[in-house]
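Worksheet: the structure to be examined is printed underneath.
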Amino acid sequence: LSPAALADTAKDGTVHITGLIKQNACTVKTDSVEVTLQDEFASLFTAAGQTAGDKDFTIELENCDANVYSSVQARFEGTLDGTDATILKNEDDAENIGVQILDKSSTPMTFNDLQAWSAAVVLTEGVTELSMPFTARYISTAVPVKSGTVDATATFYLQYN
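As C-alpha cells, this is what we get:
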C-alpha cells in the first residue's frame, strides 16, 4: 500500500475569509498627461543640480466622494538618471540633463519608492472634481549639458487616505 492509502484524514479546523470592497474615492479623468517643457539654452546650466523650465501640470480626478476618503496622494515610478532617485533619465539625445517632478509643496518627488507619496490633496464634501498640482522641470546632472531633445516618462499611482 502507498503512504497516501494509509493516511488518515480529519477535520482539524476551518478558514473564514472576510473582506471589504470599497468604492473608489475618485477616478482618474485622463490616464495620460502630456507636459511640454519650454526650450532652454544648454549654456544656462553651468553646474550639476541646476534647474530650469518649471512647468506646472495637474492630474485631474473626477467622481470624487469625500465620504469615502478625505485625501489623495500620488507617487511616481520611472527610469532614474544615475543614483539620484529624484531625477528621471532623459531617454533622448540631450546629454547631462534629466527631469524632476515636484509636488504642490515644491518638494522633488522620489521615484520608485513605495513610501514616497506627494503632499496630500484634501477631498472636499460636495466637490466631485479635483486637480492634483505638480511641476516638471529640467535638472542638470553634469556639465556641460549637450543640446538636444529631452524625453522622460513616469507612471503615477494614487493612494487615498
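Numbering of the sequence shown is given in full-length UniProt numbering, commencing with residue 1 and proceeding in unit increments.
Where a beta carbon is used, it is the ideal one built from N, C-alpha and C, also for glycine.
CB of residue i within 8 Å of CB of residue j, strictly
{"i": "F45", "j": "V145", "result": "yes"}
{"i": "F111", "j": "L88", "result": "yes"}
{"i": "residue 208", "j": "T153", "result": "Within the shown structure, residues of the chain are numbered from 1 to 161, placing residue 208 beyond reach of any answer."}
{"i": "L20", "j": "V150", "result": "no"}
Integer-rounded CB distance, given that residue j should sit under 8 Å from residue i
{"i": "G148", "j": "A94", "result": "4 Å"}
{"i": "Q100", "j": "R75", "result": "About 14 Å separates the two Cβ atoms, so there is no contact after all."}
{"i": "T123", "j": "Y69", "result": "Thr is not the amino acid found at residue 123; the sequence shown has Leu there. Indeed they touch by this definition, with Cβ atoms about 6 Å apart."}
Nearest to residue i (by Cα), restricted to the options the options
{"i": "S105", "options": "D92, A120, L37 and Q159", "result": "A120"}
{"i": "F134", "options": "N161, A52 and V35", "result": "V35"}
{"i": "E60", "options": "V72, A52 and G49", "result": "V72"}
{"i": "V143", "options": "K55, T51 and L80", "result": "T51"}
{"i": "P108", "options": "G49, L37, D92 and V127", "result": "G49"}
{"i": "N96", "options": "N161, D12, A47 and Y160", "result": "A47"}
{"i": "D113", "options": "F41, A25, E62 and T86", "result": "T86"}
Spatial distance of residue i from residue j (CA atoms)
{"i": "D84", "j": "G98", "result": "10 Å"}
{"i": "D102", "j": "D39", "result": "The amino acid at residue 102 is misidentified as Asp; the sequence shows Leu. One C-alpha to the other measures close to 19 Å."}
{"i": "T27", "j": "S43", "result": "42 Å"}
{"i": "D31", "j": "W117", "result": "18 Å"}
{"i": "I17", "j": "V33", "result": "39 Å"}
{"i": "D54", "j": "D81", "result": "19 Å"}
{"i": "T155", "j": "V15", "result": "38 Å"}
Report task. Quick one: which unbroken beta strand (DSSP E) runs of 3-plus residues sit fully inside the UniProt domain "Fimbrial-type adhesion" (16-160)? Chain order, please. Result -> 51-62, 71-78, 97-102, 130-140 and 154-160
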